[in-house]
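**Q** One structure, pasted below without further comment.
Listed below in C-alpha cells is the structure:
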C-alpha cells in the first residue's frame, strides 16, 4: 500500500481497520445509515414519498433534514422522491426543454 495512504490524517492505519465492521456496512443496503422516514430502500437508495416530505411538521422536519443530510454525507449520497412534483403539465414542459437541450448538445 502507498506510504501516502498510511500517513496520519490520510485514510486509515492498518491497526484501525475492522474487517467485520466493513462486511457489516457493505451488507447493509443503506451503508449503515438509518433511514426510518424512507418508504423503502431500492439498491441501496432510500425512496421517500413527496407528500409525506411536504407535510412534515416543524418537529419532524428537523429530524428529517438530519436524516437526509446523513444519507447525503455518509450513506448512499442520493435519494429518490416519489411524487416529488405534483404539477404534471409543468414537469412535462420542463422535461421537453431538457430533452431539447440534450439533443442540441449532441
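Residue numbers (the numbering used here): 25 to 130. In this text, a Cβ means the ideal position worked out from N, Cα and C, and glycines have one as well. Keep in mind that this is a model prediction, so the values were computed, not measured.
1) Buried or exposed: which applies to residue 48, given that a residue is buried once 16 or more other Cβ atoms fall within 10 Å of its Cβ?
2) The alpha helix (DSSP H) with residue 126 in it runs from where to where?
3) Where does residue 70 fall in DSSP's three states?
4) On the CB-based measure, 16 or more other CB atoms within 10 Å of its CB, does residue 91 come out buried or exposed?
5) Just verifying my parser: in three-state terms, what is the DSSP assignment at residue 25?
6) Can you check whether the CB of residue 107 is closer than 8 angstroms to the CB of residue 68?
7) In terms of residues, what are the limits of the alpha helix (DSSP H) holding residue 98?
8) Locate the beta strand (DSSP E) running through residue 105, then write down its first and last residues.
**A** Taking the coordinates as given:
1) exposed
2) 112-129
3) strand
4) buried
5) Caution is warranted here: a pLDDT of 46 is assigned to residue 25, below 50, making its placement in the model unreliable, and no coordinate value can be reported.
6) no
7) 82-98
8) 104-106
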